[in-house]
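Residue numbers (the numbering used here): 114 to 487.
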């Protein structure tokens, strides 16, 4: 339920679109004007986000950029969920934004380098976004191409529909004639959100290993590598050990007992006990604990230079997924009834995304945090 004060404040910035009610064919599809206005509203939200990071976050690569609309994104039932925008500066690709498709759009996912996960797909293909870092392309009514696994997946094999569901459909004629939209955002050209509090931190020395054997050994390997090469725990790894060897060893029956043959699943406690044993076998004592999700606790870990594990549930392919938490961003906007915008920054294990991915907290199906404290 949106508060009246928030709507009144936003009315001067965004032209609100009433989303049709799902139920009948005549009310569940967007008109051309409604679709166009949703795109414009999303672009405005993207502009504000970029300007805010440049102004309050002092992120200089975004001080002068071009934001370009790429495509609408859908759920598995062909309902619109969001829009993706690409960002370029004078040096080239400078990130992407996925913005919700609703009356009060917000940036759901962002990156500040490279380009988005759908860049290589044909404009004729329907692109699917059903939650943070869940990217698919529709092949037919029963098959989807999983961009992360780089393979086709049967709809019948999905573990869930994802955490993000759309509300409306777009007529095929509108999709066939989808028009482009772009904006130049330079210092002073777009007003940032009016922020009364801003803070952010990223642990830049944590690696971004690509998914191998399973998300748990991959994500925990990021942490081991960080402590070995950035924090002085030299006995954790021999200098000749490669990242693939590390992940393979951590996934083995000696440590996490990851079920590599059946998709890379790892037992909840196996990942904790395996991590402890790995450190112990190399002469170190480490605390590895499973904790309830908490943005405040996550901030404490990052501020103490300790990456953690962000576990999410509801992933369509994997059910549950481990990512390495490497940072946070939060700010409070004074014209929206002092609303907080909070983002968790992760290494998501997918080579289809840039190194750091920012995920909007309300969109994160956060199940638990695993703290690793030497």
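Built from N, CA and C at the ideal position, the CB exists for glycine as well.
In the displayed model, residue 430 falls within coil according to three-state DSSP, outside both helix and strand.
Take residue 474, set aside five residues on each side of it, and the residues of its chain with a beta-carbon closer than 8 Å to its own are 408, 455, 456 and 457, in chain order.
Residue 188 counts as buried, since at least 16 other C-beta atoms from the protein chains shown sit within 10 angstroms of its C-beta.
Contact between residue 421 and residue 331 is absent: CB atoms are separated by about 15 Å, not below the 8 Å threshold. By a beta-carbon distance limit of 8 Å, residue 286 does not contact residue 242. Their separation comes to about 22 Å.
Secondary-structure assignment with DSSP links residue 207 through a beta bridge to 227. DSSP, reduced to helix, strand and coil, places residue 361 within a helical segment of the structure shown.
Look at the stretch 342 to 410 and you find these whole runs of alpha helix (DSSP H), each 4 residues long or longer: 356 to 364 and 381 to 393. Going by DSSP, residue 146 is part of the alpha helix (DSSP H) stretching over 145 to 168. Residue burial annotation: residue 321 is buried, with at least 16 other C-beta atoms found within 10 angstroms of its C-beta. Considering only 429, 283, 448 and 349, the residue with the shortest C-alpha distance to residue 394 is 349. Rounded to whole angstroms, the gap between the alpha carbons of residue 211 and residue 385 is 33 Å.
For the 8 Å CB-CB criterion, residue 338 and residue 423 do not form a contact. Cβ atoms of residue 445 and residue 309 come within 8 Å of each other, at about 5 Å. An exposed status is given to residue 171, since fewer than 16 other beta-carbon atoms sit within 10 Å of its beta-carbon. Contact between the stretch 144 to 159 and the stretch 252 to 259 is not established, with fewer than three Cβ pairs separated by less than 8 Å. Look at residue 283 here: in three-state DSSP terms it is coil, with no helix or strand label.
In the three-state reduction of the DSSP assignment, residue 260 falls in the coil class, being assigned neither a helical nor a strand state. Annotation: residue 268 is outside any beta strand (DSSP E) and is labelled neither H nor E by DSSP.
About 7 Å separates the CB atoms of residue 363 and residue 387; that is less than 8 Å, so the two are in contact. Looking at the DSSP output, residue 457 bridges to 441 and 472. Closest option to residue 269, judged by alpha-carbon separation, among 414, 435 and 430: 430.
The beta carbons of residue 185 and residue 222 sit no closer together than 8 Å. Residue 441 places its beta carbon less than 8 Å from that of residue 415. Check the Cα spacing between residue 192 and each of 274, 366, 392 and 263: the tightest is with 274. In summary, residue 476 is buried, with 16 or more beta-carbon neighbours lying within 10 Å of its beta-carbon over all protein chains present. In the three-state reduction of the DSSP assignment, residue 213 falls in the strand class. Residue 172: not part of any beta strand (DSSP E); DSSP gives it neither H nor E. About 12 Å separates the CB atoms of residue 470 and residue 464; that is not less than 8 Å, and the two are not in contact. DSSP places residue 254 in the coil class of the three-state scheme, outside both helix and strand. In the structure shown, the three-state DSSP call for residue 324 is coil.
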